Amino acid sequence: AEFTVLCCGGGNAAQVATGLFAVRYKTIAVSFFADEAAKWKDALGDAEFELTTPGGGVMKSKPKDITNDPSVAKDADLILLVVPSFAHGEYFEKFAPYMKPGTIVATMPARSGGDILFASKLGDKAKDMIFCGFETLPWACRFTEWGKKATILGTKNNILAAVTPVSATKKALAKLQGLLGVNPQVLESPNNLGISLRNPGMIVHPGVMYGRWSPESWDGNPKDEAPLFYQGVDDFTETVLTGMTDEVQLLCRKMEEVAQGLDMKDACTLKQWYLDCYDGQMKDTSSLKACMNTNAAYDGLKHPCKEVDGKFMPDLKYRYLAEDIPTGLCFAKGLAEIVGLETPTIDKVMKWGQECIGLEIMVDGKMTGKDLAKTRAPQGMGITTLEASWSNLVAVLGH
Ligand code: NAI
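Set out below in structure tokens:
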């Protein structure tokens with residue numbers, strides 16, 4: 074049968090990916106969100122989807138179908154999730170009964186703990202499947218006419234991806250490279266734990282929000298303007314970010330101790346991540362703060378705010394907290410707790426952040442809150458001991 078790709082989601086990234094893949098492959102767009110699939114199918118009608126690439130060229134293509142029917146997974150060779158990570162679980166769960174052995178399921182960006190979530194949603198079937206986590210999205214992209222036209226603003230030169238089980242890496246990454254085209258170059262990362270603990274969003278987003286809006290630094294009064302997000306990182310915010318990234322580094326060293334042979338080389342510090350990803354775009358790389366303040370790619374980006382009577386209040390329910398705490402920071406904090414590592418800076422950010430997003434995750438510094446199952450904390454996916462996590466890790470790492 075013809076190689077079949079499911080491209081999941083309906084936002085900027087999913088529309089771009091669908092447009093790109095449908096040029097060369099039988100591609101079915103799937104969205105489970107509200108009536109998005111029907112709306113998209115309607116919007117496109119008989120027309121072709123138009124994708125504008127950075128050079129100005131226009132690619133036209135037509136997905137085979139746009140649907141909310143999970144049974145299309147029965148013919149899928151490759152399923153790509155290009156939706157915010159809080160939606161991943163729903164796709165895994167709905168596709169699970171239909172997926173055939175050997176299906177490659179990739180998430181971009183994976184955020185943290187995606188492999189463990191996949192294993193927990195797929196149950197016995199997980200061992201016959203191939204999971205791939207990408208560190209980020211390859212494109213900066215926006216739809217220009219919803220459902221009909223989109224633009225790729227920029228494409229990354231390379232992008233890291235890890236495969237579970239590790240033995241399927243070559244095969245899966247070759248397929249995914251074929252799908253993405255020449256750019257970005259997909260680089261092999263040793264394991265999904267490295268992708269999980271590399272996740273820059275879990276540090277940057279909650280950390281910068283805390284640095285600006287927690288009671289430690291803000292009096293609660295509206296601001297005249299929405300502050301700059303990256304260029305506005307000050308000394309205090311830098312100490313928060315450094316505290317968090319250093320705690321994740323301690324966790325990496327601890328995991329290497331626990332799991333002999335575990336390669337955590339890609340789970341680098343936040344500063345190293347900037348050097349890896351934005352080389353040449355930062356005027357000053359002498360410190361983490363300088364990297365963030367002088368990165369041209371971040372020029373003018375502001376804090377998420379809501380306007381109230383001409384002044385600005387922070388949007389503390391924005392995805393910088395609502396996505397990056399549950400599917401990022403919770404994974405790191407939960408794993409740290411399992412291996413007995415203290416994380417005072419992460420704890421302080423979590424304690425403040427969970428109240429902002431109305432979740433009870435951590436209670437008295439422990440991962441025991443009633444909303445734990447809504448997060449990627451290992452504890453929320455049924456893993457609470459080192460033995461359980463270790464046997465699971467062995468399985469997911471393919472050791
Ligand atoms: P988006 O905000 O356009 O995605 C919206 C889509 O998410 C909706 O169309 C729907 O399919 C799904 N969705 C929203 N709320 C939902 C809910 N309650 N339940 C289930 N599904 C829901 O996001 P975009 O731009 O497509 O990005 C996707 C991911 O890629 C995000 O994690 C984003 O942070 C990341 N990313 C995006 C970049 C870009 O240039 N667009 C650049 C780098 C990363």
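Every number in the working numbering is 73 more than the matching position in the sequence shown, counting from 1.
Where a beta carbon is used, it is the ideal one built from N, C-alpha and C, also for glycine.
Just so we're clear, the structure is a prediction, and the values are computed from it rather than from any experiment.
Asked: As assigned by DSSP and simplified to three states, the class of Pro-387; Found: strand
Asked: Ala-165 Cβ short of 6 Å to the ligand NAI heavy atom set; Found: The question names Ala, but residue 165 is Phe in the sequence shown. No - the ligand NAI has no heavy atom lying nearer than 6 Å to the Cβ of Phe-165.
Asked: Whole-angstrom C-beta distance between Leu-153 and Val-78, which should lie under 8 Å; Found: 7 Å
Asked: Distance cut-off 6 Å: Val-281 Cβ against heavy atoms of the ligand NAI; Found: no
Asked: Chain B within 7 Å of Thr-126, Cβ atoms only; Found: Absent from the structure is chain B; it holds one protein chain and no more.
Asked: Proximity test, Val-277 beta-carbon vs the ligand NAI heavy atom, cut-off 6 Å; Found: no
Asked: Supposed contact pair Pro-136 and Thr-91 - C-beta distance, whole angstroms, cut 8 Å; Found: 5 Å
Asked: Distance between Leu-226 and Pro-127 (C-alpha atoms, nearest Å); Found: 6 Å
Asked: Beta-bridge pairing of Gln-258 - partner residues as DSSP gives them; Found: Asn-231
Asked: Proximity test, Ser-360 beta-carbon vs the ligand NAI heavy atom, cut-off 6 Å; Found: no
Asked: Alpha-carbon to alpha-carbon, Met-317 and Lys-194; Found: 29 Å
Asked: Contact test: Ala-363 Cβ vs the ligand NAI heavy atom, cutoff 6 Å; Found: no
Asked: Contacting residues, own chain, Cβ-Cβ under 8 Å from Asp-372 (five flanking each side not counted); Found: Gln-304
Asked: Beta-carbon contacts of Thr-358 that lie in its chain and below 7 Å, excluding the five residues immediately before and after; Found: Leu-348, Cys-364
Asked: Pair within 7 Å by beta-carbon distance, Cys-214 and Asn-85; Found: yes
Asked: Asp-138 (DSSP reduced to helix, strand or coil); Found: strand
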